[in-house]
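Peer 1: Under the UniProt record's numbering, residues 1 to 204 are what the sequence shown spells out, in order. Okay, handing you the structure first.
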Amino acid sequence: MKLDEMNQYVRQMSVKEKSLLPNHFPFTLPIIQKLGKLWFHPNVTYIIGENGMGKSTLLEALAVALGFNPEGGSKNFSFSSYASHSCLHEFMQIVRGSNRPRNGYFFRAETFYNSYTLMGNEILDTFDNVDPDELNESLGLTGNKPSESTSSNTNGDISSVDTNSNGQVTIKEAKAAGFSMPITRDHWLYPYMDDRDNDGMVGE
């Protein structure tokens, strides 16, 4: 179906009351400071810019405001490995079109690994009127989901990375433990590292 500016899913977004917290993240991000009203193309909208501008934060907030899990997935995904999303979605004003989608998916590369490993080897959403549990059983995919004790420990063990036992992890320590750079705000190691430029990434 070809969409136009009237029946597209999301027509426009803006950030309301952004002056309430001008000196706090995410309102310090350049993209938020300069954002007026963002009009979306009926088919595809490209959001481009330098690292640290706030592109991912903006898209994440839009997804949360539309009812998606901040870590990605469909609206049926409710897991959380580390709650790192900002409060920006609370200040968003969204203008929707007349056409409302039946299904949707928030795909983000940073955390899609989590949505795959945490949920296990099974079908999570069929995007149709089919029970995923019944489909998993018919395909023999049940029983591979991680146990509760395993999945609840998704944040890892900092003691295996923090060789100095000081509660902080350096880039050198993270690399030595086998982690690739950069470490983003979504990663469980991020709170233990020093993001000096506050761009949501360490080791870029």
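Idealized CB from N, CA, C, for every residue including glycine.
On a CA-only basis, which of D4, R102, I32 and S160 is nearest G49? Give me that one, please.
Peer 2: Here residue 49 refers to the residue found at position 49 of the sequence shown. Minimum Cα distance to G49 is reached at I32.
Peer 1: Nearest to P42 by CA position, among L58, N69, K2 and Q93, is which residue?
Peer 2: The residue given as residue 42 occupies position 42 in the sequence shown. For P42, the nearest C-alpha among the options comes from K2.
Peer 1: Tell me the residue span of the beta strand (DSSP E) that contains K37.
Peer 2: Taking the first residue of the sequence shown as position 1, residue 37 is located at position 37. Here the beta strand (DSSP E) through K37 covers K37 to W39.
Peer 1: Look at the Cβ atom of G97, then the Cβ atom of R196, and state whether they are nearer than 8 angstroms.
Peer 2: On the sequence shown, position 97 is the one that residue 97 refers to. On the sequence shown, position 196 is the one that residue 196 refers to. In this structure, R196 does not lie closer than 8 angstroms to G97 by Cβ.
Peer 1: Looking at the structure shown, is S14 part of a helix, part of a strand, or coil, going by DSSP?
Peer 2: Translated into the one-based positions of the sequence shown, residue 14 becomes position 14. Strand.
Peer 1: Out of curiosity, what's the CA-to-CA distance linking E71 and L189?
Peer 2: Within the sequence shown, numbered from 1, the residue matching residue 71 stands at position 71. Within the sequence shown, numbered from 1, the residue matching residue 189 stands at position 189. In a straight line, the C-alpha of E71 is about 16 angstroms away from that of L189.
Peer 1: Helix, strand or coil for F68 per DSSP?
Peer 2: Residue mapping note: residue 68 aligns to position 68 of the sequence shown, counting from 1. If DSSP states are grouped into helix, strand and coil, F68 belongs with coil.
Peer 1: Could you give the C-beta distance for D199 and N51, rounded to a whole number, given that I count them as a contact under 8 angstroms?
Peer 2: The residue you call residue 199 lines up with position 199 of the sequence shown. The residue you call residue 51 lines up with position 51 of the sequence shown. Rounded, the Cβ-Cβ distance is 7 angstroms, consistent with contact.
Peer 1: Is the beta carbon of N7 less than 8 angstroms from the beta carbon of N99?
Peer 2: Stepping through the sequence shown from its first residue, residue 7 is reached at position 7. Stepping through the sequence shown from its first residue, residue 99 is reached at position 99. Yes, Cβ-Cβ distance for N7 and N99 is below 8 angstroms.
Peer 1: Excluding the 5 residues preceding and the 5 following M92 in the sequence, name in chain order all residues of the same chain whose CB lies nearer than 8 angstroms to its CB.
Peer 2: Looking up residue 92 in the sequence shown gives position 92. Hits under 8 angstroms: M13, S14, V15, K16, A61, L62 and A65.
Peer 1: What are the partner residues of Q33, as DSSP defines its beta bridges?
Peer 2: What you label residue 33 is simply residue 33 of the sequence shown in a count that begins at 1. None; Q33 has no bridge partner.
Peer 1: If you check the beta carbons only, do G67 and P30 fall under 8 angstroms apart?
Peer 2: On the sequence shown, residue 67 is found 67 positions in, with the first residue counted as 1. On the sequence shown, residue 30 is found 30 positions in, with the first residue counted as 1. No, they are not a contact pair.
Peer 1: Give the DSSP-derived three-state secondary structure of T163 in the structure shown.
Peer 2: Position 163 of the sequence shown, counting from 1, holds the residue named residue 163. Coil at T163, not helix or strand.
Peer 1: The beta strand (DSSP E) spanning I47 covers which residue range?
Peer 2: Mapped onto the sequence shown, residue 47 falls at position 47. From DSSP, I47 is part of no beta strand (DSSP E); its letter is neither H nor E.
Peer 1: Please confirm whether N23 has its beta-carbon closer than 8 angstroms to some beta-carbon of chain C.
Peer 2: Protein chain content of the structure displayed is limited to a single chain, and chain C is not contained in it.
Peer 1: Please report the residue range of the beta strand (DSSP E) in which I94 lies.
Peer 2: Mapped onto the sequence shown, residue 94 falls at position 94. M92 to R96 is the extent of the beta strand (DSSP E) around I94.
Peer 1: What separation, rounded to the nearest whole angstrom, lies between the Cα atoms of H24 and E5?
Peer 2: Counting from one through the sequence shown, the residue named residue 24 turns up at place 24. Counting from one through the sequence shown, the residue named residue 5 turns up at place 5. Approximately 34 angstroms between the Cα atoms of the pair.
Peer 1: Indicate the three-state DSSP secondary structure (helix, strand or coil) for T57 in the structure shown.
Peer 2: In the sequence shown, residue 57 corresponds to position 57, counting from 1. Note: T57 maps to helix in three-state DSSP.
Peer 1: By Cβ distance below 6 angstroms, which residues in the same chain neighbour E173 in space, the five residues on each side in sequence not counted?
Peer 2: By one-based count along the sequence shown, residue 173 stands at place 173. So the qualifying residues of the chain are V161 and T163.
Peer 1: Could you give the distance in angstroms between the alpha-carbon of I94 and the alpha-carbon of T184?
Peer 2: By 1-based counting over the sequence shown, the position of residue 94 is 94. By 1-based counting over the sequence shown, the position of residue 184 is 184. Cα to Cα, the separation comes out at about 27 angstroms.
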